[in-house]
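Below is one structure, written out as structure tokens; the observations come after it.
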Amino acid sequence: MPLTIRGYRSDDAASWLRCRLLSFFETEYYDDVYTQRPTYDLPSVQLVADDGGTVVGLLDVAVDGVEATIESVAVHPDHARSGIASRLLEAALPRLAGARTLDAWTRGNEAANGWYLSRGFRENHRYLHVYADSGVTEAELEGFTAPEPLSAPLFAFAHARIDDEDEIRRRYRRVHVCRQYLRDLTPPD
Numbered sequence: 001m002p003l004t005i006r007g008y009r010s011d012d013a014a015s016w017l018r019c020r021l022l023s024f025f026e027t028e029y030y031d032d033v034y035t036q037r038p039t040y041d042l043p044s045v046q047l048v049a050d051d052g053g054t055v056v057g058l059l060d061v062a063v064d065g066v067e068a069t070i071e072s073v074a075v076h077p078d079h080a081r082s083g084i085a086s087r088l089l090e091a092a093l094p095r096l097a098g099a100r101t102l103d104a105w106t107r108g109n110e111a112a113n114g115w116y117l118s119r120g121f122r123e124n125h126r127y128l129h130v131y132a133d134s135g136v137t138e139a140e141l142e143g144f145t146a147p148e149p150l151s152a153p154l155f156a157f158a159h160a161r162i163d164d165e166d167e168i169r170r171r172y173r174r175v176h177v178c179r180q181y182l183r184d185l186t187p188p189d
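Counting in full-length UniProt numbering, the sequence shown runs from 1 upward without gaps.
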């Protein structure tokens, strides 16, 4: 049976979660794990690549008026670099009527960054994702507090300005550059 791009169905949930988990596992988003498929308050386009009843690719796009955001795009590692993400994007674009821009956020994954650039996106913004997590030292948690009656934080996640990257990298072991990619959806005048 050939690969089919189609809308997400509720009976895809387990396969969708498995595909997303496996595709993120070897990236800088390895711990961005969902135990349930997210729902969206905004209108959304939710597509899957179906290979014989198994989700091998997925794309969720939330639409907020003239701005659309890729919430998740993932391809099962056994199907990577086979054009599935591009097929999903091309199927989603006509369904984004009214949106003037499409953005996405990613970290340092070379393949993902290259894919966005090859699909007509441009880098628009960058900042840092900073973690003080497993094996954290007291110095890394200095300045982080919690309200009473909670103890001091055991780990933390924060954003930082890209201009502070050198200082942040000296202080924290796990720092990722987060990039916003933007694609104009309206033809130039």
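From the three backbone atoms N, C-alpha and C, an ideal C-beta is built for every residue, glycine too.
* **Paired residues, beta bridge with E123 - DSSP** => Along the sequence shown, one-based indexing puts residue 123 at 123. BP columns for E123 point to Y181.
* Relative to the C-alpha of T27, which residue among Y131, T137, T106 is closest? -> To locate residue 27, count along the sequence shown from 1; it is residue 27. Comparing Cα positions, the closest option is T106.
* **Endpoints, alpha helix (DSSP H) assigned at D12** => Position 12 of the sequence shown holds residue 12. Note, D12: premise wrong, no alpha helix (DSSP H); not H, not E.
* E110: first and last residue of the uninterrupted alpha helix (DSSP H) it sits in -> Position 110 of the sequence shown, counting from 1, holds the residue named residue 110. First-last of the alpha helix (DSSP H) with E110: 110-118.
* Quick one: is V63 buried, meaning 16 or more other Cβ sit within 10 Å of its Cβ, or exposed? -> Walking along the sequence shown from the start, residue 63 turns up at place 63. With 16 or more Cβ atoms within 10 Å of its Cβ, V63 is classed as buried.
* To do: Along the beta strand (DSSP E) that carries I5, what are the first and last residues, could you check?
  => Residue 5 sits at position 5 when you count from the first residue of the sequence shown. Where I5 is concerned, the enclosing beta strand (DSSP E) stretches over 4-7.
* Asked: What separation, rounded to the nearest whole angstrom, lies between the Cα atoms of V130 and R170?
  -> In the sequence shown, the residue the question calls residue 130 occupies position 130. In the sequence shown, the residue the question calls residue 170 occupies position 170. Near 12 Å, if we compare the C-alpha coordinates of R170 and V130.
* Asked: When the Cα atoms are used, what is the spatial distance from R174 to G135?
  -> Numbered from its first residue, the sequence shown carries residue 174 at position 174. Numbered from its first residue, the sequence shown carries residue 135 at position 135. Rounded to whole angstroms, R174 to G135 spans 11 Å at the Cα level.
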